[in-house]
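So for the sequence shown, the numbering used here puts the first residue at 22; every next one is plus one.
Below: the structure, in structure tokens.
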Amino acid sequence: MEIPDRLEDLTASWLSEAVQQTAPGASALSVDVLDAHSGTTGRARLRVEWSSSDLPQTLFVKLAPTDPIQRAMVIETGMGAREARFYREVSASVPVRVARHLCSFWAPDGKAYIMLMEDLAAAGCTFPTHESATDIAVVRSTVEQLARLHGGFWNSPRFASDLAWIEPPMRSEFGVVMVKQGVEAFGQGQPACFREAARLYCGHHQALSNLLDHGTPTLLHGDAHIGNMFVEDGTIGLLDWACVSRGPGLRDVGYYLANSVDTDVRRAEQEELIARYVKTLRESGGPTLTMDEAWRGYRLYAIASWVAAVVTLAAGDRMQATAVGARAVQRTNAAIADLETTTLIEEELGL
């Protein structure tokens, strides 16, 4: 069926046809857009009147962004189509709370995609704010949910069958270009660890990417920062699966702790949090990691969080508010310095 490219194309007739994959016989009588905005992707909340169905009256929709630059990035990286496929083919089997999926469609070339899912706010869920960075209950729940996700897919044979399309985390020269732009735009005045990380990432990009991909694969969220989470009954759920990938689980953990946890809280709690991850991973079907193995992974994967923060700030308001990006760069700088991440990378790469 044709994939809507604009909100105006989301008619009652289209909705009625689209939801047949999950709600046979459902029919939409009317549809109204309650609110909408376009950033990395297009988002909107809809009110739908159904003729005779127990489908929710409000829905959340994601589709291609309107900004030409953002649209080009989404097409180039395949982010939109990847997320749509995740919701249709994988979301029902993940052992963590995700938004319930009604339907999703994507074009083979990734130029168009759409996802219809539950409106989490209407379902009573709440969303963490930047203040949640100091809430240790939120932090612990996040680490535990990541461990459950990873344990459920640890070295899964599905990566050779129905999940073979899920690839290692994205790597491209786009990241190098954006980090270089970040160095030029706001590198002056940054600490020494910032310049050293930029040198390693830009100068040894492929070797570093190979290092980060090495290890037993599991299902990664891929962009596990606090803005991609929600809370239901005190437990964290995960949103925005556009960067879903396969790789070592501690990549998600290092990404989250370095980016989205207050620096003082991280410093005080990080050993307990890594031990909590190790314990929950084992209880969820994963391996028994030693603390040394887990700590090394945490130290190493903090660099992935640093790269994401620098790229986000370099992109300006097109991806996140500048204040959000600046805060993430500050936190990830502190993390890679505390953990001596660049020293570890040099040792691993033999530099």
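Just so it is clear, CB atoms sit at the ideal spot from N, CA and C, and this is done for glycine as well.
For alanine 206, the enclosing alpha helix (DSSP H) covers residues 194 to 207. The beta carbons of tryptophan 262 and phenylalanine 107 sit about 4 Å from each other, so the pair counts as a contact at 8 Å. Threonine 333 sits close to glycine 346, with the two beta carbons spaced by under 8 Å. By the CB criterion at 8 Å, threonine 239 and alanine 143 fall outside the cutoff.
Looking at Gly208, Leu28, Leu55, Ala39, the one whose alpha-carbon comes closest to that of glutamine 351 is Gly208.
The beta strand (DSSP E) runs of length 3 or more contained entirely in the region 228 to 282 are, from start to end of the chain, 239 to 241, 250 to 253, 256 to 259, 266 to 268. Around the beta carbon of serine 112, 16 or more other beta carbons sit within 10 angstroms, so the residue counts as buried. Taken through DSSP and simplified to helix, strand or coil, arginine 121 comes out as coil.
Using a 10 angstroms sphere on the CB of glutamine 341, the tally of other CB atoms reaches 16 or more, which defines it as buried. Cβ-Cβ separation between threonine 237 and asparagine 176: approximately 5 Å, consistent with a contact (criterion under 8 Å). Going by DSSP, tryptophan 71 is part of no alpha helix (DSSP H) but of the beta strand (DSSP E) stretching over 63 to 71. The three-state reading of DSSP puts serine 114 in helix, counting H, G and I together.
Lysine 83 has Arg64, Met136 as its beta-bridge partners, per DSSP. Under the DSSP definition of a beta bridge, aspartate 56 partners with Arg66. At the C-beta level, leucine 50 and glutamate 70 come within 8 Å of one another. In this structure, Pro45 is the residue among Asn231, Cys223, Pro45 with its C-alpha nearest to the C-alpha of serine 73. In the DSSP annotation of this structure, the continuous segment of the alpha helix (DSSP H) that includes proline 89 starts and ends at 89 to 98. DSSP places valine 331 in the uninterrupted alpha helix (DSSP H) bounded by 312 to 336. Here methionine 94 is not near alanine 120, since their CB atoms are 8 Å or more apart.
At a Cβ-Cβ threshold of 8 Å, serine 266 and leucine 232 do not count as neighbours. Taking all protein chains in view, the Cβ of aspartate 283 is crowded by 16 or more other Cβ atoms within 10 Å, so the residue is classified as buried.
Under the three-state reduction of DSSP output, serine 51 falls in the strand class. Per DSSP, reduced to three states, the secondary structure at threonine 364 is helical. Cα atoms of leucine 76 and alanine 128: separation of roughly 26 Å, rounded to the nearest angstrom. Assignment of phenylalanine 215 by DSSP, reduced to helix, strand and coil, places it in the helix class.
DSSP places histidine 171 inside the alpha helix (DSSP H), whose first and last residues are 157 to 173. Beta-bridge partners assigned by DSSP to threonine 147: Val252. In this structure isoleucine 90 is exposed. Its beta-carbon is surrounded by fewer than 16 other beta-carbon atoms within 10 angstroms. When DSSP reads this structure, phenylalanine 126 sits in a beta bridge with Ile135.
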